[in-house]
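Q: Got a structure here, written out as structure tokens. Questions coming.
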Amino acid sequence: MAKTFSKGGVHPPENKLSANSAIQIVPPTNVVSIPVSQHMGAPSSVIVKKNDQVKVGQLIAQSAGFVSANIHSSVSGVVQKINTIIDTSGYKRKAVIIKVEGDEWMENIDRSAQIIRNFTMSSEEIIKRINEFGIVGLGGATFPSHVKLSIPKGKVAKVLVINGVECEPYLTADHRLMLEKGEEILIGIEIQMKAINVSRAIIGIENNKPDAIAHLTKLASSFKGIEIVGLKVKYPQGGEKQLIKAVMNREVPSGGLPIDVGAVVHNVGTAFAVYEAVQKNKPLFERVVTVTGKSLSKPSNFMARIGVPISNLIEAAGGLPEDTGKVISGGPMMGKSLNSLEVPMAKGVSGVLIMPDNESSRRRQAACIRCAKCVSVCPMGLEPYILMTLAEREMWEREENERIMDCIECGSCSFVCPSNRALLDYIRLGKGAVGKIMRARKA
Amino acid sequence: MKISPSPHNYGKDSVSSLMYGVIVAMIPAMLVSFYFFGLGAIIVTLTSVVSAMAFEWLITKYLLKKEPSLIDGSAIITGLLLAFNVPSNLPIWIILIGSLVAIGMGKMSFGGLGNNPFNPALVGRVFLLISFPVQMTKWPLPGNFPMEYADAATGATPLGVMKEGINNGEPMADILQNIPSHMQMFYGQMGGSLGEVAGLALLIGCLYMLFRGIITWHIPVSVLGSIAIFTGILHLASPEKFADPLFHILTGGVLLGAFFMATDYVTSPMSQKGQIVFGVGIGVLTVVIRVFGAYPEGVSFAILIMNAFVPLINNYIKPKRFGEVKVA
Ligand code: SF4
Ligand code: SF4
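One line per chain: the protein sequences are A and B, in this order.
Numbering follows this note's numbering, with no gaps: position 330 of the first sequence is 329.
Quick note: to get this note's numbering, add 5 to the position in the second sequence (first position is 1).
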């Protein structure tokens, strides 16, 4: 039987509409807005000013600490202004607005199609390069990659786990990347293995992508220590803890990190970005994004520059359908609904999902019938119905004892509830309150 | 454009789809009861279902002053279950009382669906059993779609025969002469409450609910398993004094209880471990009541008693958390 994680999980309809459309390059728009907080951690500090000329790949905002990331221009042209705009988070954030002129890249970026297999950098040099080139987790969490690759004192990495699961319905960006850039991904993995000094990497891919499994398995035969593991389809297998459980059969302890069980987890998209940074001198300023939806005429996968408005990508996929009710950055299970189509593409945007109006509204919430479905699907072994009730009653201490902070916000509980209870909404509320209390206690 | 936090999609189950799934699962057993108990079964079922719906509607509208919602189907289930738990010659007025108690006392007085600690149909049934012991224990004999209702010929249930025989010290072989064969009982050809007799049909309903994901195996298997093991041990120790496990499982509403009443969402535990404890509790209590108590059957009481323990079970038996071990 195929491997998977053992506890809970759901099977939302997969709807991988764009699985067969090859990655297309979309040209940048006339003006792009590049946000300075596209990653978890401190916003970067802008180092360009109005009227500066910039090239593609030029550093425009500097990392503001260890947990932060550099940001590079995705276009060539003139800085129009530094402004606050609404980004995919829905909040107002600072961004560099650039008027595009031509497409002039930094000279040291290797734009040839040639695949470069050998590398000579040391572990430190690799991590430094990844840091400088602004690479963050491209699965959606956007955690700065150099942080994950810097193994804390006292811990030892044993396995590099690569996430090719793409368990979110609709999204196909990673799937296409594995099919079209398989060798680059494997080289990127080799580079990361060197960075954390391990001799083993496992790529987990769900069995609904047999072509990707076959392709990478074939390619991997010429790489040492890289295994491909087919996984039984189950959401949220792409969660770090679930993936580690599935491929290594280890449980990351509550409150702990993957490194506590010797694992470092990266996404296939990140592996590709690492390849480009180390072998091609190319900073992270573009990424693959799935633009999809049931009423969209051309569900597609694009290689899109950071900073182009989402509306531009939707246009390239056939235009916004009339019956649109909701536009989501990411997938239907964990994505964020957008309040404007003008928000710019960012490093963490793996998909743009257009939901028709008749699927966009919340359903009416009814009383809990105690069916226990939320309990049986929770991948963290929590009891969502209790967490919700306690949050409603603001009983934070009990909430903490019920392990609310273990919740990975996968949404399986809300998804499955027959009474349409807003379980995760309340759990988020509870996590916020409990997190605050815990921080205050530490301080 | 609409804005809302994730998730943005819903699973296929709604409260009403689950409830109607349970109703569909009860149809085979209902049809078998119509066949064996004829007109009486139809009258009892109709009265019970219609009155349960009516009481729920009236209480919601005039006592709770809320918009009544019958569409979730839960009142139909309570009505059906109550009918399944009474003899097919029960007078209409007694059914109405049972239905009022089930809905009014068993369910609405606690705030309606989701809040009641006890299975409403069982509350109704036990109330009737205590208030009308004579009418509630006169069981019509099965026929081929008989047309009698109140005047149906009655007899004892196999469990009743067994209990009396054992109490009178009759040899087991003689007692078994006086009750239907296991196979007849499996089809439903025996005296008893109208929905409890049809073992095969109940099993089909249960498999349907398992297949649809409406219930999980934990409660039915732990109830039946513990009854089988407990009575199996007794039977092996003293075959003259204790009937075989299969007899115990096929009679006295064990299948009905294990499949349709112990699995009631509202009144069963939330964690799978808790559900197993609950199921074993029901199984053991059932056997204890049957073998050592005054009543020949015992499932109803066992379920109600275990219902009372559900809050305790939920409090102390938690699902295994992911990453339970603390960081060293
Ligand atoms: S899934 Fe919904 S109805 Fe069922 S127990 Fe959880 S909160 Fe209650
Ligand atoms: S959102 Fe949290 S509580 Fe709900 S199923 Fe996922 S981990 Fe469990």
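A virtual CB, placed ideally from N, CA and C, is assigned to each residue, including glycine.
Enumerated in chain order, which unbroken segments of the alpha helix (DSSP H) with a length of 4 residues or greater are wholly contained in the segment 180 to 266 of chain A?
A: The segment 180 to 266 of chain A contains these whole alpha helix (DSSP H) runs: 181 to 195, 209 to 219, 239 to 247.
Q: Taking contact to mean 3 or more Cβ pairs, one atom from each stretch, closer than 8 Å, check whether the segment 76 to 91 of chain A and the segment 27 to 36 of chain A are in contact.
A: Verdict: yes, contact present.
Q: Based on Cα-Cα distance, which residue from B:Q182, B:S79, B:I135 lies nearest to Y25 (chain B)?
A: As a working note, residue 25 (chain B) is residue 20 in the second sequence. Ranking B:Q182, B:S79, B:I135 by Cα distance to Y25 (chain B) puts B:S79 first.
Q: So which residues of chain B does N311 (chain A) contact, with C-beta pairs closer than 7 Å?
A: The sequence position of residue 311 (chain A) within the first sequence is 312, counting from 1. None at all; the shortest Cβ gap to chain B is about 17 Å.
Q: Does DSSP put T272 (chain B) in a helix, a strand or coil?
A: For this step, residue 272 (chain B) is matched to residue 267 along the second sequence. Looking at T272 (chain B) - three-state DSSP - the assignment turns out to be coil, as it is neither helix nor strand.
Q: Does DSSP put G76 (chain A) in a helix, in a strand, or in coil?
A: The residue labelled residue 76 (chain A) in the question sits at position 77 within the first sequence. The answer is strand: DSSP assigns G76 (chain A) an E or B state.
Q: Is it buried or exposed for A68 (chain A), if we count other Cβ within 10 angstroms and need 16 for buried?
A: Looking up residue 68 (chain A) in the first sequence gives position 69. So A68 (chain A) counts as buried.
Q: Go ahead and label A248 (chain B) buried or exposed: buried means 16 or more other beta carbons lie within 10 angstroms of its beta carbon, across all protein chains shown.
A: Within the second sequence, the letter at position 243 stands for residue 248 (chain B). Answer is buried; the Cβ neighbour count reaches 16.
Q: For I84 (chain A), name the three-state secondary structure that DSSP assigns.
A: The sequence position of residue 84 (chain A) within the first sequence is 85, counting from 1. Note: I84 (chain A) maps to strand in three-state DSSP.
Q: How far does the alpha helix (DSSP H) with R286 (chain A) in it reach, from first residue to last?
A: Counted from its first residue, the first sequence places residue 286 (chain A) at position 287. Premise fails: R286 (chain A) lies in the beta strand (DSSP E), 285 to 291, not in any alpha helix (DSSP H).
Q: Looking at chain A, which residues of the segment 28 to 60 of chain B have a Cβ within less than 7 Å of any of its Cβ atoms?
A: Hits within the stretch: zero.
Q: Kindly indicate the opening and closing residues of the beta strand (DSSP E) around V351 (chain A).
A: To locate residue 351 (chain A), count along the first sequence from 1; it is residue 352. Per DSSP, V351 (chain A) belongs to the beta strand (DSSP E) from 350 to 355.
Q: For R326 (chain B), which residues in chain A fall below 8 Å Cβ to Cβ?
A: Here residue 326 (chain B) is taken as the residue at index 321 of the second sequence, counted from 1. Under the 8 Å cutoff, chain A gives S253, M379, G380, L381, R402, D405.
Q: For M141 (chain B), report the span of its alpha helix (DSSP H) as first-last.
A: Here residue 141 (chain B) is taken as the residue at index 136 of the second sequence, counted from 1. 138 to 141 is the span of the alpha helix (DSSP H), which, as asked, contains M141 (chain B).
Q: What did DSSP end up calling A333 (chain B) once you bin it into helix, strand or coil?
A: As a working mapping, residue 333 (chain B) is identified with position 328 in the second sequence. Any reading at A333 (chain B) must be qualified, since the residue scores a pLDDT of 42, below 50, and its modelled position is unreliable; no value is offered.
Q: Would K7 (chain B) count as contacting chain A if we go by Cβ distances under 8 Å?
A: In the second sequence, residue 7 (chain B) corresponds to position 2, counting from 1. Interface residue, yes.
Q: Which residues does DSSP list as the beta-bridge partners of G160 (chain B)?
A: For this step, residue 160 (chain B) is matched to residue 155 along the second sequence. In DSSP, G160 (chain B) forms a bridge with B:W144.
Q: Would the C-beta of K372 (chain A) count as close to ligand 1, meaning under 7 Å from any of its heavy atoms?
A: One-based indexing of the first sequence puts residue 372 (chain A) at position 373. Correct: K372 (chain A) has its Cβ closer than 7 Å to ligand 1.
Q: Once the 5 residues before and after Q277 (chain B) are set aside, which same chain residues still bring their CB inside 6 Å of it?
A: Position 272 of the second sequence, counted from the start, is the residue given in the question as residue 277 (chain B). Answer for Q277 (chain B): H223, listed in chain order.
Q: Which bits of chain A does Q277 (chain B) rub up against, with CB to CB less than 9 Å?
A: Translated into the one-based positions of the second sequence, residue 277 (chain B) becomes position 272. Chain A residues near Q277 (chain B): A371, V374, S375.
Q: How is the beta strand (DSSP E) around N400 (chain A) delimited, first residue to last?
A: As a working note, residue 400 (chain A) is residue 401 in the first sequence. It is not in any beta strand (DSSP E) - N400 (chain A) instead sits in the alpha helix (DSSP H) that spans 395 to 400.
Q: For ligand 1, is there any heavy atom lying closer than 7 Å to the beta carbon of R361 (chain A)?
A: On the first sequence, position 362 is the one that residue 361 (chain A) refers to. Because no heavy atom of ligand 1 lies under 7 Å away, the Cβ of R361 (chain A) does not count as near it: no.
Q: Assign P163 (chain B) to one of two classes, buried (16 or more other C-beta atoms within 10 Å of its C-beta) or exposed (fewer than that).
A: Counting from one through the second sequence, the residue named residue 163 (chain B) turns up at place 158. Flag for P163 (chain B) reads buried.
Q: Given this structure, state the Cα-to-Cα distance separating C367 (chain A) from G16 (chain B), to the nearest angstrom.
A: By 1-based counting over the first sequence, the position of residue 367 (chain A) is 368. By 1-based counting over the second sequence, the position of residue 16 (chain B) is 11. Computed Cα separation, rounded: 16 Å.
Q: For the segment 199 to 228 of chain A, which residues have a beta carbon sitting closer than 7 Å to at least one beta carbon of chain B?
A: Here the close residues number zero.
Q: Could you tell me whether any Cβ in chain A is nearer than 8 Å to the Cβ of N149 (chain B)?
A: Here residue 149 (chain B) refers to the residue found at position 144 when the second sequence is read from its first residue. Chain A contact via Cβ: absent.
Q: Let me make sure I understand the geometry here. Which of A:N196, A:I186, A:M354 has the alpha-carbon closest to that of S220 (chain A)?
A: One-based indexing of the first sequence puts residue 220 (chain A) at position 221. When only C-alpha atoms are compared, the closest one is A:I186.
Q: Apart from the five residues on each side of it in sequence, which residues of its chain come closer than 6 Å, Cβ to Cβ, to M311 (chain B)?
A: Numbered from its first residue, the second sequence carries residue 311 (chain B) at position 306. Excluding residues within five positions, the ones whose Cβ falls inside 6 Å are F283, G286, I287.
Q: If you measure from the beta carbon of G16 (chain B) to each beta carbon in chain A, is any gap under 8 Å?
A: In the second sequence, residue 16 (chain B) corresponds to position 11, counting from 1. Yes, its Cβ sits closer than 8 Å to a Cβ of chain A.
Q: Between the segment 239 to 271 of chain B and chain A, which residues of the former have CB atoms less than 8 Å from a CB of the latter, in chain order?
A: Cβ contacts with chain A come from Y270, V271.
Q: Considering only the alpha carbon of each residue, which of A:S375, A:K279, A:F65 lies closest to S144 (chain A)?
A: The residue you call residue 144 (chain A) lines up with position 145 of the first sequence. That would be A:F65, whose Cα lies nearest to the Cα of S144 (chain A).
Q: Taking the straight line between their C-alpha atoms, what separation do you get for V232 (chain A) and A365 (chain A)?
A: By 1-based counting over the first sequence, the position of residue 232 (chain A) is 233. By 1-based counting over the first sequence, the position of residue 365 (chain A) is 366. So the two alpha carbons sit approximately 30 Å from each other.
Q: Using the three-state DSSP reduction, which class does R116 (chain A) fall into: helix, strand or coil?
A: The sequence position of residue 116 (chain A) within the first sequence is 117, counting from 1. R116 (chain A) falls in the coil class under three-state DSSP.
Q: Would DSSP call R326 (chain B) helix, strand or coil?
A: Here the question's residue 326 (chain B) lines up with position 321 in the second sequence. Residue state, collapsed to three classes: coil.
Q: Got a sec: which bits of the segment 111 to 138 of chain B sit with their beta carbon under 9 Å from any beta carbon on chain A, in order along the chain?
A: If the cut-off is 9 Å between Cβ atoms, the segment 111 to 138 of chain B has G116, G117, L118, G119, N120 near chain A.
Q: T256 (chain B): which of B:Y67, B:L229, B:I219, B:G210 sits nearest, CA to CA?
A: Taking the second sequence and counting its residues from 1, the one referred to as residue 256 (chain B) is at position 251. Looking at the Cα atoms, B:L229 is the closest of the given residues.
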